[in-house]
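In our numbering, the protein residues as written are 55 to 125.
Here is the structure:
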């Protein structure tokens with residue numbers, strides 16, 4: 055059985071900072087009523103390698119790791 059891969063959506067961001075991207079992402083999940091589902095089932099994310107995405111302390115990857123229930 056292969057994992058399911060979904061494109062969730064696209065939004066216009068007011069900033070390219072990881073904190074803003076994370077907040078917008080959480081708001082999208084919450085407004086669709088799937089925040090807890092994503093927190094408990096998120097297994098991976100594709101990123102472009104930019105430091106705002108992969109920063110080990112405050113990048114989006116680090117924020118997503120804290121966001122999910124499984125570390």
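The C-beta atom is built at its ideal place from N, Cα and C for all residues, glycine as well.
For residue i, which residues in the same chain have their Cβ closer than 8 Å to its Cβ, ignoring the five residues on either side in sequence?
i          : result
residue 67 : 74, 75 and 78
residue 65 : 78 and 82
Is residue i near the ligand SAH, in the sense that its beta carbon is under 8 Å from a heavy atom of that ligand?
i           : result
residue 101 : Absence of the ligand SAH is noted for the structure shown, with no ligands found whatsoever.
Report buried or exposed for residue i, applying the criterion of at least 16 other Cβ atoms within 10 angstroms of its Cβ.
i           : result
residue 83  : buried
residue 100 : exposed
residue 91  : exposed
Could you work out which residue in the options is closest to residue i when comparing CA atoms only?
i           : options            : result
residue 97  : 110, 115 and 69    : 115
residue 63  : 55, 71, 85 and 56  : 85
residue 93  : 60, 122, 55 and 72 : 122
residue 117 : 87, 56 and 71      : 71
Of all the CB atoms in chain B, is at least one closer than 9 Å to the CB of residue i?
i          : result
residue 74 : Within the model displayed, chain B is absent; a lone protein chain is all it includes.
Mapping the DSSP letters down to three states, classify residue i as helix, strand or coil.
i           : result
residue 101 : coil
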